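Under the numbering used here, the first residue of the sequence shown carries the number 3, and numbering increases by one thereafter. Since the structure comes first, as structure tokens, the remarks are kept for the end.
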Amino acid sequence: MNEEVGKAFQAGTKHHRETLRGYHLDWDARPPTFKLYSGAPLFELPDTRSEPGATLQGDGDLWSIVARRRSVRRFSAEDGVTQLELSRLLWAGAGVTRATPHHLYRSAPSAGGLYPIETYLVVNRVTGLPPGLYHYRVAGPNDDGDIDAGRGHALEQLQDGPLGDAVAQAALGQEWAANAAVVFIWTAVFTRARWKYRERAFRYVYLDAGHIAAHVSLAAVAQGLASCQIAAFFDEEVDGLVGIDGEDEGTVYMTAVGRPLSDKRD
Ligand SMILES: Cc1cc2nc3c(=O)[nH]c(=O)nc-3n(C[C@H](O)[C@H](O)[C@H](O)COP(=O)(O)O)c2cc1C
Numbered sequence: 003m004n005e006e007v008g009k010a011f012q013a014g015t016k017h018h019r020e021t022l023r024g025y026h027l028d029w030d031a032r033p034p035t036f037k038l039y040s041g042a043p044l045f046e047l048p049d050t051r052s053e054p055g056a057t058l059q060g061d062g063d064l065w066s067i068v069a070r071r072r073s074v075r076r077f078s079a080e081d082g083v084t085q086l087e088l089s090r091l092l093w094a095g096a097g098v099t100r101a102t103p104h105h106l107y108r109s110a111p112s113a114g115g116l117y118p119i120e121t122y123l124v125v126n127r128v129t130g131l132p133p134g135l136y137h138y139r140v141a142g143p144n145d146d147g148d149i150d151a152g153r154g155h156a157l158e159q160l161q162d163g164p165l166g167d168a169v170a171q172a173a174l175g176q177e178w179a180a181n182a183a184v185v186f187i188w189t190a191v192f193t194r195a196r197w198k199y200r201e202r203a204f205r206y207v208y209l210d211a212g213h214i215a216a217h218v219s220l221a222a223v224a225q226g227l228a229s230c231q232i233a234a235f236f237d238e239e240v241d242g243l244v245g246i247d248g249e250d251e252g253t254v255y256m257t258a259v260g261r262p263l264s265d266k267r268d
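Dropping the structure here:
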């Protein structure tokens, strides 16, 4: 590793009064906010609020949830998570919480509302969902071709078959991660944030990912699940698994979620 890179990054991404002046956004060059895998098999997710039995498990008080969050690396190898639990994890991390005619606001804050973070999942054990690689469709095109939150909150299946061991190996061989029910992989579409923030965007994408992961980790606790963040991974291996180039879009963070061994449901 080049020991000067960190310092250069910090210095090269600082805001200065002189350089910030006179910069105008090119609205015609704005990259799309939503990534779609149009041909992929689509799996609708259950509504986070209207499903029967949708009450949160255990103590739903925010303060208690924050106090109980811990990194957990021992997950049940038998019990997975339900689609409703997964639906809530995704909604808490990246779901749309407010729709206006020109903007879809999401659960987690994002610099400039540009939402450069994409969510992929390695599904190991989710009820009724074949193991494989999925991409979270936040919103999709309606019949007029406009992006509509009502056409999102769904999973696009990109690959079929077990990938738990592959993702654990890519995570520097952290074998415990293979036992997670689902591993969230967060990538940054750098161009989406660079369009506005230029080099400073490289700071913001990591902050955005941190917000999303924090939401997911609390949503896990609120449902009797547990999680552990993962930033130790071979970048090119995870990028390869997801099918991205690592330049325009690269993996920035991961979170393993499962049912903790000590908290098995009856
Ligand atoms: C940015 C970041 C990266 C992390 N990467 C890993 C990881 O690769 N593997 C792991 O086992 N834990 C990882 N963790 C979890 C930390 O080890 C854990 O949060 C820390 O020990 C504090 O424990 P707690 O989360 O239970 O409060 C990471 C946490 C953060 C915030």
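Each residue gets a CB set at the ideal place from its N, CA and C atoms; glycine is no exception. In this text the structure is predicted, and so the values were computed from the model without any measurement.
Taking the C-beta atoms as reference points, Val-124 is found nearer than 9 angstroms to Ala-168.
Within a 10 Å sphere around the beta-carbon of Glu-46 sit fewer than 16 other beta-carbons, which makes this residue exposed. Judged by DSSP in its simplified three-state form, Phe-36 adopts coil rather than helix or strand. The alpha-carbon of Leu-116 is positioned some 24 angstroms away from that of Ile-232. DSSP links Trp-188 through a beta bridge to Thr-121, Tyr-255.
Closer than 8 angstroms to some heavy atom of ligand 1: that describes the Cβ of Ile-232. With contacts defined as CB atoms closer than 9 angstroms, Leu-86 and Val-140 fail to qualify as a contacting pair. Setting aside the 5 residues that flank it on each side, Ile-149 is surrounded in the same chain by Thr-35, Phe-36, Leu-106, Ala-141, Gly-142, Pro-143, each with a C-beta closer than 8 angstroms to its C-beta; the list follows chain order. Set against 8 angstroms, the gap from the CB of Gly-115 to the closest heavy atom of ligand 1 is not smaller.
DSSP, read as helix, strand or coil, puts Gly-95 in helix. DSSP places Gln-231 inside the beta strand (DSSP E), whose first and last residues are 228-232. With a threshold of 16 other beta carbon atoms within 10 Å, Gly-245 falls short and is exposed. Cβ neighbours of Ala-203 within its own chain (closer than 7 angstroms, five residues either side excluded): Phe-192, Ala-195, Arg-196. With fewer than 16 neighbouring CB atoms inside 10 Å of its own CB, Val-68 falls in the exposed class. Contact annotation, Thr-129 with Arg-90: C-beta distance approximately 14 angstroms; criterion of less than 8 angstroms not satisfied.
For His-217, the enclosing alpha helix (DSSP H) begins and ends at 203-224.
Checking the DSSP bridge columns, you'll see Ser-73 partnered with Ser-229. Secondary structure at Glu-238: helix, using DSSP grouped into helix, strand and coil. Counting other Cβ atoms within 10 Å of its Cβ, Ser-219 reaches 16 or more and is therefore classed as buried. Taking the Cα of Gly-152 as reference, the smallest distance to any Cα among Arg-127, Thr-102, Ala-221, Pro-133 is reached at Thr-102. In the DSSP assignment, the residues bridged to Phe-45 are Leu-157.
Counting every other CB atom within 10 Å of its CB across the protein chains shown gives Asp-241 a total of 16 or more, marking it as buried. Under the three-pair Cβ rule at 8 angstroms, the stretch 69-81 does not count as touching the stretch 160-167.
Annotation for Gly-212 indicates a beta carbon within 8 angstroms of some heavy atom of ligand 1. By the Cβ-count criterion, Gln-225 is buried, with 16 or more other Cβ atoms from all chains shown falling within 10 Å of its own Cβ. The C-alpha of Ala-96 lies about 17 angstroms from the C-alpha of Leu-135. Contact between Arg-71 and Val-223 holds, since their C-beta atoms are separated by about 5 angstroms, short of 8 angstroms.
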